[in-house]
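Protein sequence lines correspond, in order, to chains A and B.
241 is the number of the first residue of the first sequence in our numbering; add one for each residue after it.
241 is the number of the first residue of the second sequence in our numbering; add one for each residue after it.
Number of protein chains: 2
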Amino acid sequence: MTRKIGIIDLGSNTSRLIIMAYTPGVAFQLIDQLRERVRLSEGMGAENILRPEPMARTIRLLNVFRMLCEANGIDTIVATATSAVRDARNQAEFLDRVQKEAGLSLRVLSGDEEASYGYLGAVNSLPIQNGLVIDIGGGSLELGRVQDRQLAQTASLPLGAVRLTETFIRNDPPKRVDLRMLDRYIDAMLGSIDWLKSGSGGTLIGLGGTARTLAKIDQARRHYPLDRLHGYTVSLTSIENILHDLEQLPLSRREKVPGLSSDRADVIIGGTLALTRLMHQAGYHEMTICGQGLREGLFYEQFLKDSGTALVPDVRAFGLANLAYLYNIHWPHARHVQQLAVSMFDQLKALHHFGPFERSVLSGAALLHDIGVSIDFYDHDQHSYYLILNAELPGFSHREIALMALLAKYHRHGTPSVDAFRGLLTQADENRVRKLSALLRLAEYLERGRTQVIQSITCRARGKVVNLIGRTRGDASMEMWAADQNADLFKQTFHRDLVIRLEAQADRDLSSTPIEPAGSVDAEPLWSRVRELIEQK
Amino acid sequence: MTRKIGIIDLGSNTSRLIIMAYTPGVAFQLIDQLRERVRLSEGMGAENILRPEPMARTIRLLNVFRMLCEANGIDTIVATATSAVRDARNQAEFLDRVQKEAGLSLRVLSGDEEASYGYLGAVNSLPIQNGLVIDIGGGSLELGRVQDRQLAQTASLPLGAVRLTETFIRNDPPKRVDLRMLDRYIDAMLGSIDWLKSGSGGTLIGLGGTARTLAKIDQARRHYPLDRLHGYTVSLTSIENILHDLEQLPLSRREKVPGLSSDRADVIIGGTLALTRLMHQAGYHEMTICGQGLREGLFYEQFLKDSGTALVPDVRAFGLANLAYLYNIHWPHARHVQQLAVSMFDQLKALHHFGPFERSVLSGAALLHDIGVSIDFYDHDQHSYYLILNAELPGFSHREIALMALLAKYHRHGTPSVDAFRGLLTQADENRVRKLSALLRLAEYLERGRTQVIQSITCRARGKVVNLIGRTRGDASMEMWAADQNADLFKQTFHRDLVIRLEAQADRDLSSTPIEPAGSVDAEPLWSRVRELIEQK
Chain A
241 MTRKIGIIDL GSNTSRLIIM AYTPGVAFQL IDQLRERVRL SEGMGAENIL
291 RPEPMARTIR LLNVFRMLCE ANGIDTIVAT ATSAVRDARN QAEFLDRVQK
341 EAGLSLRVLS GDEEASYGYL GAVNSLPIQN GLVIDIGGGS LELGRVQDRQ
391 LAQTASLPLG AVRLTETFIR NDPPKRVDLR MLDRYIDAML GSIDWLKSGS
441 GGTLIGLGGT ARTLAKIDQA RRHYPLDRLH GYTVSLTSIE NILHDLEQLP
491 LSRREKVPGL SSDRADVIIG GTLALTRLMH QAGYHEMTIC GQGLREGLFY
541 EQFLKDSGTA LVPDVRAFGL ANLAYLYNIH WPHARHVQQL AVSMFDQLKA
591 LHHFGPFERS VLSGAALLHD IGVSIDFYDH DQHSYYLILN AELPGFSHRE
641 IALMALLAKY HRHGTPSVDA FRGLLTQADE NRVRKLSALL RLAEYLERGR
691 TQVIQSITCR ARGKVVNLIG RTRGDASMEM WAADQNADLF KQTFHRDLVI
741 RLEAQADRDL SSTPIEPAGS VDAEPLWSRV RELIEQK
Chain B
241 MTRKIGIIDL GSNTSRLIIM AYTPGVAFQL IDQLRERVRL SEGMGAENIL
291 RPEPMARTIR LLNVFRMLCE ANGIDTIVAT ATSAVRDARN QAEFLDRVQK
341 EAGLSLRVLS GDEEASYGYL GAVNSLPIQN GLVIDIGGGS LELGRVQDRQ
391 LAQTASLPLG AVRLTETFIR NDPPKRVDLR MLDRYIDAML GSIDWLKSGS
441 GGTLIGLGGT ARTLAKIDQA RRHYPLDRLH GYTVSLTSIE NILHDLEQLP
491 LSRREKVPGL SSDRADVIIG GTLALTRLMH QAGYHEMTIC GQGLREGLFY
541 EQFLKDSGTA LVPDVRAFGL ANLAYLYNIH WPHARHVQQL AVSMFDQLKA
591 LHHFGPFERS VLSGAALLHD IGVSIDFYDH DQHSYYLILN AELPGFSHRE
641 IALMALLAKY HRHGTPSVDA FRGLLTQADE NRVRKLSALL RLAEYLERGR
691 TQVIQSITCR ARGKVVNLIG RTRGDASMEM WAADQNADLF KQTFHRDLVI
741 RLEAQADRDL SSTPIEPAGS VDAEPLWSRV RELIEQK
């Protein structure tokens, strides 16, 4: 990674710093972060004045942020402030003090800018074509309508979780009358956005602490098998059930609800009410969580600066490339296994009847199957599984990530099972994993020596036998031997015998068409650049 | 890594290839391996003649080995053969064919050489001062007596698992009369080694498939919480119980015993009988498994060639350094956290009453606490835990590895628990983990910015308060703030309040004495070399 940047996001409730190392346009990695709930907006009230004590503790924290940036040797600091500072009547005084006492120039984002950076974080990390991106912060609620991946409309409303709680909820647990008043206030505010009802459609993407917290509570209730929020979908029904339960509890008991952190327990009800009203008004039955947001949006702006756009061309291809780069995959081998596996998949459709979903899972898993070697050669299949499960992999659904992790786990041996993912994967998925693992395993052993000696494969299924003819450009007896030794899963899963034959091939190029893991755009330029960077390491 | 080597070990039962990437004397990593049970000795019988079919399939495999070496771009191949070839009357013919048909010069090891390389593998990966290293192969049993880490005596006996099984066991399940005959034969053979009874002492180290298989079966029976054989200790009583059970079962049911692979099930009884008789004769009540052996011994000879010795100076220090190198740890930070943590440990003895065992665990964990950052910054404590649990870490016991992994897991937050290690760690260990985690966490936050701004710590425990005075060489308010925020575990675990104070320090060097994770030799030269190599990467 060639550059480092620090991004500060000074919110009304929580303030955060992220430090990213990155190679522009190609790869990035979070290398440090700090998060503290300083509650800058505390006591602002209707007068909208930042109070001395919250200002003082915020400036102390900003000094800590600046020091951590310096200690990390960053090139650039982007420091931004949102709702609390934006609305403060004493904004100028505060900015001046921050400059003098913490050495930072704060950029105050407008509500529309805030919505727009949140949209950038979301659209670069989830496969969104159309929909609505919302960010319930401490002070405000930002909305961005997405059309064909572009930001079509934005709005910012004073419906932040802290603000609503401080203004309306005066009892613990809240009284019904307070909640009804709050409901009406939120409905009125949302009603002011005329485009909200008319044709929102698409996907609802939720950013920020309220959305993440609700997803965590939902996962805890469902004993969800993955420890992953980004890309998780929670239904309106579940959110309303959670809200109903939380409303009955005093703060001291809310703090003990699994998934709800104690520094969220006081403001969760206000934020959740705003969310449910919004879902009703805009007609969404579920919300997908985005773990990225404003800070990442600000980052993408820098990261993609030279490319003339603020949008990653293909979120999934980028995620795979980023991972390939971080773990220094053996690029020619990984790509060749990917090509052999997908080519067999395409030729054997009559045997598996799978479609684009499974093809993409197989293709992604093939590219990443060996990343675990970076941990240890022994059990590297298990390590690849762990790394895939714990990687960001933006743009892939939880189900796709679990399936890819399993394919990597079983790419050398073992009988595939989905038992670890009850509640996410089904018995039908076990069948998927078996068939796709059988293909991946065969591709892996047909490329045992990592020399691409078997350039391509022709498959012919006839009755109870599948014939594989490998076109070779050298001695492939090791690959032939290895594939034969490891054909059991294929034979058992497809109920076919397997006969492998090699054919020496004249010197012409046999590489088949490139395989796009995502399929939406041409990812070849990105692949080439990543390969080049890995080789330079 | 600057070099690559392929090591071939052509045994009587199984043949193996390992490919290592390495930087001489500093670090190495297994990058590929192949293992196949070709059973070269099949049908040799009393005439000691290698038969055509086993020879042919062995030569085919050796060709595969050579091709894999070439595909990996290795610099050197070391190809060795043991008992079957050593004893064969048609050895010359076989060597000649291997040279012509597989392009490999096989080096035939004498029994003493075999024992000696096995000893090298063991003594470089386990902390052995005195004891006996045994390797039950397919054809022969090698013994090496270790005195002060040196090889004092060797012997080689024709007591390999395949040989004993083929010669004595003619029924399935075996008949008592066969087993009694076998017992007597083994006793007679062992009786020929006069030094075996007199003062073996120390540790019994078991290499090879028979020893590993028995450990696997024992772990399966005990529901052992770690998936790790190297360094595992199994008692003679357990081995005899396992043997007793296996003797009753026909092959078809032995194959289904958890931990026993189907290609071991036929020869396990012969090998286990040899082992139990040896343990009785030499007076050992338990055996520690070594996952390294002949191949690694051959590797160490090359790896340490320039250092004028075939022994790694300090097995534990080497293991830590190797890991630090592989995961590019931030050396100044890791070493400084190590120094602060161990310094507090030493000063607060009155509070914890721990000794050298805990000090070494704390020290090792402090060095490795951040290796998980290489996977992802979020949850990097969890990733460090995974990496430590799955790393080789030669020289550390399973208990130490589990404790170090837990310290890394809890170095930032969470309430330490040892629940995942039932059967290995006790409630007393939970107390250990809590206290040591409290110290590590404090050291980590006192070094929050990774700049070593707090150079040293003085601790004073008075009544219910512990005072920490940090000597600083700059603005350490971030560290002060971070340590304060994360002092809860310390306060709760030691039942003391904590008061942290900073004192600016004049320019003199305050770094305390270096901390040896192992303590046996001066590891500083190794540390410096690794640091240098990481910085060059």
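Here a beta-carbon is modelled for each residue, glycine too, at the ideal position from N, C-alpha and C.
All values derive from a computational prediction rather than experimental measurement.
In terms of residue numbering, what span does the beta strand (DSSP E) encompassing residue i cover?
{"i": "B:F617", "result": "Unbroken run through B:F617: none, as it is neither H nor E."}
{"i": "A:G246", "result": "243-250"}
{"i": "A:Q695", "result": "694-702"}
{"i": "B:I374", "result": "371-376"}
{"i": "A:T655", "result": "Premise fails: A:T655 is in no beta strand (DSSP E) and is neither H nor E."}
{"i": "A:G446", "result": "443-447"}
{"i": "A:T475", "result": "The displayed chain sequence assigns Ser, not Thr, to residue 475 of chain A. Start and end: 473-475."}
{"i": "B:G528", "result": "Reading off the sequence shown, one finds Thr at residue 528 of chain B, where the question assumed Gly. Segment 526-529, the beta strand (DSSP E) holding B:T528."}
Between which two residues does the alpha helix (DSSP H) carrying residue i extend?
{"i": "B:G358", "result": "351-363"}
{"i": "A:M260", "result": "From DSSP, A:M260 is part of no alpha helix (DSSP H) but of the beta strand (DSSP E) over 255-263."}
{"i": "B:I299", "result": "292-311"}
{"i": "A:A605", "result": "596-608"}
{"i": "B:T512", "result": "508-522"}
{"i": "B:P572", "result": "571-587"}
Can you tell me whether DSSP reads residue i as helix, strand or coil?
{"i": "B:N707", "result": "strand"}
{"i": "A:E382", "result": "strand"}
{"i": "B:S396", "result": "strand"}
{"i": "B:T405", "result": "helix"}
{"i": "B:E276", "result": "strand"}
{"i": "B:A324", "result": "helix"}
{"i": "A:Q776", "result": "helix"}
{"i": "A:S778", "result": "A query on residue 778 of chain A cannot be resolved here, the shown segment of chain A reaching from 241 to 777 and no further."}
{"i": "A:E282", "result": "coil"}
{"i": "B:Q745", "result": "coil"}
{"i": "A:E632", "result": "coil"}
{"i": "A:D467", "result": "coil"}
{"i": "A:R662", "result": "strand"}
{"i": "A:V497", "result": "coil"}
{"i": "A:L750", "result": "Note on A:L750: pLDDT 47, under 50, position unreliable in the model; the coordinate value appears next. Reduced to three states, the DSSP call for A:L750 is coil."}
{"i": "A:Q532", "result": "coil"}
{"i": "B:I317", "result": "strand"}
How should residue i be labelled, buried or exposed, when 16 other C-beta atoms within 10 angstroms of its C-beta is the threshold for buried?
{"i": "A:S583", "result": "buried"}
{"i": "B:T666", "result": "exposed"}
{"i": "A:E333", "result": "exposed"}
{"i": "A:E719", "result": "buried"}
{"i": "B:P414", "result": "buried"}
{"i": "A:H484", "result": "exposed"}
Query raised in the report: At a cut of 8 Å, does the segment 377-396 of chain A reach the segment 485-498 of chain A through at least three beta carbon pairs?
Result: Touching, no, given that fewer than three Cβ pairs across the two stretches are closer than 8 Å.
Query raised in the report: In the segment 612-642 of chain B, which residues sit with their C-beta less than 9 Å from some C-beta in chain A, listed in chain order?
Result: Under the 9 Å Cβ criterion, the segment 612-642 of chain B contributes V613, S614, I615, D616, F617, Y618, D619, Q622, H623, Y626, L627, N630, A631, E632.
Report task. Tell me, please, whether the segment 542-554 of chain B touches the segment 591-609 of chain A by the rule of three or more beta-carbon pairs shorter than 8 Å. Result -> Between the segment 542-554 of chain B and the segment 591-609 of chain A there are fewer than three C-beta pairs closer than 8 Å, too few to call the two in contact.
Requested in this report: Pull out every residue of the segment 271-283 of chain A whose Cβ sits closer than 9 Å to any Cβ of chain B, in chain order.
Outcome: Those would be I271, D272, Q273, L274, E276, in chain order.
Query raised in the report: Got a sec: which bits of the segment 682-715 of chain B sit with their beta carbon under 9 Å from any beta carbon on chain A, in order along the chain?
Result: Listed in chain order, the positions of the segment 682-715 of chain B with a beta carbon within less than 9 Å of a beta carbon of chain A are R688, G689, R690, T691, V693, D715.
Report task. Indicate whether the contact test is met: 3 or more Cβ pairs, each with one atom in the segment 272-283 of chain B and one in the segment 250-260 of chain B, closer than 8 Å. Result -> Taking a cut-off of 8 Å for Cβ pairs, the segment 272-283 of chain B and the segment 250-260 of chain B touch, as three or more such pairs fall below it.
Report task. Tell me, please, whether the segment 318-336 of chain B touches the segment 705-712 of chain A by the rule of three or more beta-carbon pairs shorter than 8 Å. Result -> Counting C-beta pairs with one atom in each stretch, the segment 318-336 of chain B and the segment 705-712 of chain A have fewer than three that are closer than 8 Å, which means they do not touch.
Requested in this report: Count the CB pairs spanning the segment 517-536 of chain B and the segment 349-365 of chain B that are closer than 8 Å, and state whether there are at least three.
Outcome: In short, these stretches touch, since the Cβ pair count reaches three.
Query raised in the report: Using Cβ-Cβ distances below 9 Å, what residues of the segment 341-374 of chain A are close to chain B?
Result: Listed in sequence order: no entries.
Requested in this report: Please name the residues in the segment 243-266 of chain A whose beta-carbon is closer than 7 Å to at least one beta-carbon of chain B, in chain order.
Outcome: Using a CB distance below 7 Å, no part of the segment 243-266 of chain A faces chain B.
Query raised in the report: Just checking, does the segment 467-475 of chain A make contact with the segment 670-678 of chain A on the three C-beta pairs under 8 Å criterion?
Result: In this structure the segment 467-475 of chain A does not lie against the segment 670-678 of chain A, because fewer than three pairs of beta carbons, one per stretch, are closer than 8 Å.
Query raised in the report: Is there contact here, the segment 640-655 of chain B with the segment 621-630 of chain B, by at least three beta-carbon pairs under 8 Å?
Result: Using a C-beta cut-off of 8 Å, the segment 640-655 of chain B makes contact with the segment 621-630 of chain B, since at least three inter-stretch Cβ pairs fall below that distance.
Query - Stretch pair the segment 608-615 of chain A + the segment 559-575 of chain A: three plus CB contacts closer than 8 Å - result: Two segments are said to touch when three or more pairs of C-beta atoms, one from each, lie closer than 8 Å; by this definition the segment 608-615 of chain A touches the segment 559-575 of chain A.
Query raised in the report: Counting pairs of beta carbons, one from the segment 650-667 of chain B and one from the segment 495-502 of chain B, are three or more of them closer than 8 Å?
Result: As far as the Cβ criterion goes, the segment 650-667 of chain B does not touch the segment 495-502 of chain B, which means the pair count is below three.
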